[in-house]
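Here the sequence shown is numbered in this note's numbering, starting from 846 and rising by one per residue.
The beta-carbon is built from N, C-alpha and C at its ideal position, and this holds for glycine as well.
Right, one structure below, let's go through it.
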Amino acid sequence: MISPELLAILVCPVCKGDLRHDSARQRLDCHSCRLSYKIEDDIPIMLPEEAERLGEPASGGSGTQGGRNQEDRKG
Ligand SMILES: [Zn+2]
C-alpha cells in the first residue's frame, strides 16, 4: 500500500500534473498525457518510457466515415 503522503507529492514527470491513483489496478494515471504508470512492489515507476498509453479520451463521439454527400453533377 502506497502511503498517501507519497501519492500527494507524486506528479507526472512529463507534464508535472496530478496523477490519479488506481488502487485496484495498482497504477497511476495521468489524464493529460494519457499515460498509465505502473506500481511494482508499492514503488511507482515514474518513467514515461515504462508507462503504458491509455485509451483515447472519453470525450468526443463516434467518427463519421463514408458520409459523402452527392455532388451535383453537371453534364
Ligand atoms: Zn502528464
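Three-state class that DSSP yields for residue i in the structure shown
{"i": "LEU864", "result": "coil"}
{"i": "GLU897", "result": "strand"}
Beta-carbon proximity list for residue i, same chain, < 7 Å, skipping 5 on both sides
{"i": "PRO893", "result": "PRO858, VAL859 and LEU880"}
{"i": "ASP867", "result": "ASP874"}
{"i": "ARG872", "result": "SER881, TYR882, LYS883 and ILE884"}
Spatial neighbours of residue i in its chain, beta-carbon cut-off 6 Å, leaving aside the 5 residues before and after
{"i": "ASP887", "result": "ILE847"}
Any non-hydrogen atom of ligand 3 closer than 7 Å to residue i Cβ
{"i": "CYS860", "result": "What this structure holds is ligand 1, not ligand 3."}
Chain-order list of residues whose beta-carbon lies under 8 Å from that of residue i (same chain, five-residue window excluded)
{"i": "VAL856", "result": "GLY862, ASP863 and LEU864"}
{"i": "ARG898", "result": "ARG879, LEU880 and SER881"}
- Query: Listed by chain order, which residues have C-beta atoms less than 7 Å from any heavy atom of ligand 1?
  - Reply: CYS857, VAL859, CYS860, GLY862, CYS875, SER877, CYS878 and LEU880
- Task: Note down, one range per segment and in chain order, each beta strand (DSSP E) of at least 3 residues found wholly within the segment 846-891.
- Result: When DSSP assignments are scanned along the segment 846-891, the uninterrupted stretches of beta strand (DSSP E) that are 3 or more residues long and fall wholly within it turn out to be 865-867, 872-875 and 880-885.
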